[in-house]
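Q: I have a structure I would like to understand better, so I am pasting it below and will then ask my questions one at a time.
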C-alpha cells in the first residue's frame, strides 16, 4: 500500500517503511537523514542558476561549490551498484553560454563517479533567440558509482529499423542478427511516432498545452524520468530526487513500482507534488505516456498556414 508522507511537518526524515517520502525543506538536511548505500537511483534536474523565481542567482563558482557538497552526499547514500542521472541545460552570463554538463563532469569524476552516457534530450519548443540559434536540447549525464551497476535494456528497447537483417557470415549465417524485442534506443532521446523506427527520442518539454503542466516554470517531464527508472533500477528499489520540484521523479518511480523520496524547499511546489501523488494513487493524474506521438499540425489549420502578408 502506498504511504504518502505529508511535507508539512508529519515526517521530515527518511522512513524505511514508507513507499513515498516528500520533504519540504533543504536538500542538504534531508540527504543527511538518508542511510548510506540505501538509494539505487538519483534522477534530478537541479536549478540552473538563471534567476527563476525559486532560486537566487549567484556566481557560477558559488553555484558549482554548492552542488559539489550535494553530489558528495549523493555518493554516500547511493548503493555501490547505484546510478545517478543529472539533467542540466546551460548557464548564461552577459550573453555568454556556459554548458553546465561540462562544468559538472569534473566534479562528479573527482568525487568518484564514472560517466556511462551523455544523453541528448531533444525537444521542439522553447524560447526563441535573435542573436544566436534557439536552444532545443538539454543533456542528461548518467553516472555510476562503480563498474557494477544496474542496466536493464529490454524495458526500453525500440523497434529495429531493419528487423529482417540477418548474419551474412560465420556460424549464425542466415539467422536474424537483431533482437526480437528491438534495439538499443541510443543516447539521443526523441520520442515521436517515427522514433520507433529511427531510435531518435524526442520527449516534449512541459509547456502550456502539456497534460502535466503545473505552476513550475521549468518542469521535468515524467516520460524522461521513466526511461531512467526502467533502465537503471529494479522494482521496489529507492529512487531519489533532491530537487523534487512538483514531483515528476517521484511520480515516475511510484508509477513503475519503485519506492521514492525527494525534497523540495519551495512549499508551493511541494503542495502541487503532494496533490499530484495523491491523484496518481487514485488513478486520476493526467500523464503523457511513453511513445505517444507528438501533435503534427494539419496544413489546413490557421496557425500552420503561411500568413498571406508573407506570400506577397
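In this note's numbering, the protein residues as written are 222 to 533. We put the CB at the ideal spot given by N, CA and C, even for glycine. Remember, predicted model here, so these are calculated numbers, not experimental data.
Report the three-state DSSP secondary structure of residue 330 (helix, strand or coil).
A: helix
Q: Check residue 256 in the structure and name its three-state DSSP category.
A: Coil, per DSSP.
Q: What's the gap between the Cα of residue 313 and the Cα of residue 341?
A: Residue 313 and residue 341: Cα-Cα distance of roughly 19 Å.
Q: What three-state label does DSSP hand residue 297 in the structure shown?
A: DSSP places residue 297 in helix when its eight states are reduced to three.
Q: Does the segment 447–455 touch the segment 241–249, meaning 3 or more C-beta pairs lie closer than 8 Å?
A: no
Q: Where does residue 365 sit, in a helix, a strand or coil, going by DSSP?
A: It is a strand residue.
Q: Go through its chain and collect everything with a Cβ distance to residue 402's Cβ below 7 Å, but skip five positions before and after it.
A: Close CB contacts of residue 402 within its chain, under the 7 Å cut and outside five residues either way in sequence, are with 375, 378 (chain order).
Q: DSSP has residue 305 in a bridge; who is on the other side?
A: 263, 364
Q: So, with DSSP's three-state summary, where would you put residue 532?
A: Three-state DSSP puts residue 532 in a helix.
Q: For residue 236, name the three-state secondary structure that DSSP assigns.
A: coil
Q: According to DSSP, which residues form a beta bridge with residue 446?
A: Answer by DSSP bridge pairing: none, since residue 446 is not bridged.
Q: What does the alpha-carbon distance come out to for the pair residue 504 and residue 320?
A: 39 Å
Q: Closer than 8 Å is the cut-off here; do at least three beta carbon pairs connect the segment 278–296 with the segment 327–337?
A: Proximity of the segment 278–296 to the segment 327–337 meets the contact definition, three or more beta-carbon pairs being nearer than 8 Å.
Q: Could you check the C-alpha separation between residue 240 and residue 479 for me, to the nearest Å?
A: Each residue's Cα considered, the two are about 8 Å apart.
Q: Taking the alpha-carbon of residue 441 as reference, which of 300, 457, 473, 454 has the nearest alpha-carbon?
A: 473
Q: Alpha carbon to alpha carbon, how far is residue 308 from residue 495? Give it in angstroms, no decimals.
A: 22 Å
Q: Tell me the residue span of the beta strand (DSSP E) that contains residue 313.
A: 311–314
Q: Would you call the CB atoms of residue 305 and residue 372 closer than 8 Å?
A: no
Q: For a quick check, are the C-beta atoms of residue 194 and residue 261 less than 8 Å apart?
A: Nothing can be reported for residue 194, as the shown portion of the chain is limited to 222 through 533.
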